[in-house]
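One structure is given below, encoded as structure tokens.
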Amino acid sequence: MKYYVSASVLSADLLDMRSEIKKLETNGVDMLHFDVMDGIFVNNITYGLPVLEQVRKVTDMTLDVHLMITDPLRYVERFAKAGADIISFHSESASDVRETIKTIKNAGVKAAVAIKPNTPAETVYDLLPDLDMLLVMTVEPGFGGQSFIFDTVEKVRLIRKRINALGLNCDVQVDGGINYETAPIVKDAGANVLVSGSCLFKAEDMSEAVRKIKGDS
Ligand code: DX5
Ligand code: ZN
Numbered sequence: 011m012k013y014y015v016s017a018s019v020l021s022a023d024l025l026d027m028r029s030e031i032k033k034l035e036t037n038g039v040d041m042l043h044f045d046v047m048d049g050i051f052v053n054n055i056t057y058g059l060p061v062l063e064q065v066r067k068v069t070d071m072t073l074d075v076h077l078m079i080t081d082p083l084r085y086v087e088r089f090a091k092a093g094a095d096i097i098s099f100h101s102e103s104a105s106d107v108r109e110t111i112k113t114i115k116n117a118g119v120k121a122a123v124a125i126k127p128n129t130p131a132e133t134v135y136d137l138l139p140d141l142d143m144l145l146v147m148t149v150e151p152g153f154g155g156q157s158f159i160f161d162t163v164e165k166v167r168l169i170r171k172r173i174n175a176l177g178l179n180c181d182v183q184v185d186g187g188i189n190y191e192t193a194p195i196v197k198d199a200g201a202n203v204l205v206s207g208s209c210l211f212k213a214e215d216m217s218e219a220v221r222k223i224k225g226d227s
């Protein structure tokens, strides 16, 4: 399996985003993970459309946008226009899930559904044929730097099993608490896109950190 690392810039130096992006580009990071929080769906507020537009102007990296907002359908077209390559939204949010997937795809962007740690795998089985990626949250969404919730591993395994049984080409992303200890565990369970924030940005040598997370060193 080919593994990808998506860097959560929530842990970057936000006042020096331009050089942080350069650092990602030159250290083997595959995607830039952009966490959007509205203070309602989760208990935190981050950044949104104008920041994404500016990021888009300075990089060709895959922009992996994770919407933790209450009515994503209302905003997905604007995030697509602002430069997203992949848009994830939560199945637990207020919008019609199928309509939101359709709207993202019609905007020419890859569609992903995200689920919180307590949301069962079965709730997304019927959606898998329509998705480019399924995001399993391995911490409660809202903050970087939290500890991995080990109970979510079984869910990753169930979802990967289902994807394979259906013969689908759907990525499984994990987000939250991914580090050198937890990366092998989620990969073994079937995740192939690993989000990392604090572990990557704290590393002294980012390219070595990427290699260690992917497991090829
Ligand atoms: C949490 C965010 C994550 C977070 C990951 O709600 O969705 O993307 O920034 O950060 P780490 O890797 O530090 O857990
Ligand atoms: Zn995220």
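So for the sequence shown, this note's numbering puts the first residue at 11; every next one is plus one. Just so it is clear, CB atoms sit at the ideal spot from N, CA and C, and this is done for glycine as well.
{"query": "For Y13, which of helix, strand or coil comes out of DSSP?", "result": "coil"}
{"query": "Buried or exposed, going by whether 16 or more other CB atoms sit within 10 Å of the CB of R28?", "result": "exposed"}
{"query": "Please confirm whether any heavy atom of the ligand ZN lies closer than 7 angstroms to the CB of D215.", "result": "no"}
{"query": "May I ask you to report which of helix, strand or coil DSSP gives V75?", "result": "strand"}
{"query": "Within 7 angstroms: the Cβ of H100 and any heavy atom of the ligand DX5?", "result": "no"}
{"query": "Mind the definition here: the segment 88-101 touches the segment 60-77 only if three or more C-beta pairs lie below 8 angstroms; say whether that holds.", "result": "yes"}
{"query": "Under the criterion of a Cβ to heavy atom distance below 7 angstroms, does S18 qualify as lining the ligand ZN?", "result": "yes"}
{"query": "Give me the Cβ distance between L141 and R172, rounded to the nearest whole Å; I'm assuming they're in contact under 8 angstroms.", "result": "Actually they are not in contact, since the Cβ atoms of L141 and R172 sit about 12 angstroms apart, beyond 8 angstroms."}
{"query": "Is P151 close to the ligand DX5? I mean its beta-carbon at under 7 angstroms from any heavy atom of the ligand.", "result": "yes"}
{"query": "Give me the Cβ distance between S21 and S208, rounded to the nearest whole Å; I'm assuming they're in contact under 8 angstroms.", "result": "5 angstroms"}
{"query": "Whole angstroms are fine: how far does the CA of D161 sit from the CA of S18?", "result": "22 angstroms"}
{"query": "With 16 as the cutoff for other CB atoms within 10 Å, does A104 come out buried or exposed?", "result": "exposed"}
{"query": "Please classify S227: does DSSP put it in a helix, a strand, or coil?", "result": "With a pLDDT of only 46 at S227, under 50, the local geometry of the prediction cannot be trusted, and no value is derived from it."}
{"query": "Please tell me whether L83 and T56 are closer than 8 angstroms, where the distance is taken between their beta carbons.", "result": "no"}
{"query": "Who are the Cβ neighbours of H100 in its own chain at under 6 angstroms, not counting the five residues just before and after it?", "result": "A124"}
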